[in-house]
Amino acid sequence: MELNENARVDTSQVDDRRGSGGGGGLGGIPIPLGGGRGGIVGIIVAVLVALVGGGFGLNAMTGGGDGTEQGDNTSLAQKCSAEDALKQLDCRNTLYVNSIQAYWRTALPEVFGEQYQASKTVFFSQGVNTGCGQADSGVGPFYCPADDLVYIDLTFYQQLADQLGAKGEFAQPYVLAHEYGHHVQDLLGTEAQMRRQQQRDPNNANALSVKLELQADCYAGAWAKNATGTADEKGQKIFTSITEQDIAQAIDTAEKIGDDAIQQRSGRPVNPDEFTHGTSEQRRQWFTKGYDTGDPKSCDTFNGSL
Ligand SMILES: [Zn+2]
0 MELNENARVD
10 TSQVDDRRGS
20 GGGGGLGGIP
30 IPLGGGRGGI
40 VGIIVAVLVA
50 LVGGGFGLNA
60 MTGGGDGTEQ
70 GDNTSLAQKC
80 SAEDALKQLD
90 CRNTLYVNSI
100 QAYWRTALPE
110 VFGEQYQASK
120 TVFFSQGVNT
130 GCGQADSGVG
140 PFYCPADDLV
150 YIDLTFYQQL
160 ADQLGAKGEF
170 AQPYVLAHEY
180 GHHVQDLLGT
190 EAQMRRQQQR
200 DPNNANALSV
210 KLELQADCYA
220 GAWAKNATGT
230 ADEKGQKIFT
240 SITEQDIAQA
250 IDTAEKIGDD
260 AIQQRSGRPV
270 NPDEFTHGTS
280 EQRRQWFTKG
290 YDTGDPKSCD
300 TFNGSL
């Protein structure tokens, strides 16, 4: 993968709240990247209980903040306009966000006849106050439908490399593209529809969650296929190349955060009833489907078998 050094990093698409801490929050269900208990993707336990009707954790919180606190982007904007900007993890990630949103700005009207509405990515460290409640880094990256924002503590990538062995750089845009996939589902009403289905059919809540997650993986694949066609505001290409190896890294990451892989790694017996994000095999398959077709319409996980 090669980024275009001449592409402008648009830091207005992120909200840098690192170092600002976090407070209380309210309602909505955050959608993390991978399922599992404890550590890297721990919040899923609270989310699971909420989804199956127990009303616990973040989802049970009412009232409180609206997650509208703003970070200070000044130093990030400075850093990312410097010559060596693309050597910096946060600037590269901002550029990935730029590419993903540039893709959907075109694809959403083209493919689904809907206007794309931009969503910022919040960079935070340790804890953050969101429209879905107070979250800490242990949850991994997530999308919050209540405030339409993607949240990530960038140290997550180090965990991904150290704890899961997903080391490639392309794991990063894959992660972000998956989260923006949830934003797209939010814009299309897919997410809200799925929540209503879960309420009507609580026994199938986890299976429905898997469909939503695999669709986000497929959307990430569709972005990856089209990413070399994305450009900054001035029309400068963002990526000069994406290789087979990059795609292999994204697939490797998708496999490593499969529910069965996470359960195995935590030493628990593999229990399909607890799956919320799909198996390694399913995650690989759906990312690949999005990539091979390059068409988000092909990501119809809700009809037919997975
Ligand atoms: Zn997800």
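Quick note on numbering that gives the first Met the number 0: the sequence shown kicks off at 0 and runs consecutively.
In this text, a Cβ means the ideal position worked out from N, Cα and C, and glycines have one as well.
These numbers come from a predicted model, not from an experiment.
| Query | Result |
| --- | --- |
| Helix, strand or coil at D14 [DSSP, three-state] | strand |
| C-beta atoms of F122 and I151 nearer than 9 Å | yes |
| Nearest-angstrom Cβ-Cβ length linking A204 and A101, presumed shorter than 8 Å | About 34 Å; that fails the 8 Å criterion. |
| F141 beta carbon near ligand 1 (any heavy atom closer than 8 Å) | yes |
| Three-state class that DSSP yields for Q133 in the structure shown | strand |
| Secondary structure of E82, DSSP reduced to three states | coil |
| The beta strand (DSSP E) enclosing F169, as first and last residue numbers | Taken as a continuous stretch (DSSP letters only), F169 belongs to no beta strand (DSSP E), as it is neither H nor E. |
| Stretch pair the segment 280-288 + the segment 208-223: three plus CB contacts closer than 8 Å | yes |
| Close-in-space but distant-in-sequence residues of the same chain around T242 (CB under 8 Å, 5 per side omitted) | M0 |
| Candidates K86, F169, T129 and A81, of which the one nearest T252 by Cα | F169 |
| As assigned by DSSP and simplified to three states, the class of F286 | helix |
| Any non-hydrogen atom of ligand 1 within 8 Å of I190 CB | Per the sequence shown, the amino acid found at residue 190 is Glu instead of Ile. No, since every heavy atom of ligand 1 falls outside the 8 Å radius drawn around the Cβ of E190. |
| Which of helix, strand or coil DSSP assigns to I241 | coil |
| Residue closest to K119, alpha-carbon to alpha-carbon, out of S297, P271, L153 and T10 | T10 |
| Spatial distance of R267 from E273 (CA atoms) | 11 Å |
| Counted within 10 angstroms of its Cβ, other Cβ atoms place S304 as buried (16 or more) or exposed | exposed |
| Beta carbon of A165 nearer than 9 Å to that of Q248 | yes |
| Ligand 1 heavy atom lying under 8 Å from the CB of A260 | no |
| Nearest neighbour of G132, chosen from I30, Q244 and L88 [CA to CA] | I30 |
| Heavy atom of ligand 1 within 8 Å of P144 beta-carbon | no |
| Short CB-CB distance (under 9 Å) between G126 and chain B | Of the protein chains in this structure there is only one, and it is not chain B. |
| Ligand 1 heavy atom lying under 8 Å from the CB of L32 | yes |
| Counterpart residues of Y150 in DSSP-defined beta bridges | V121 and F141 |
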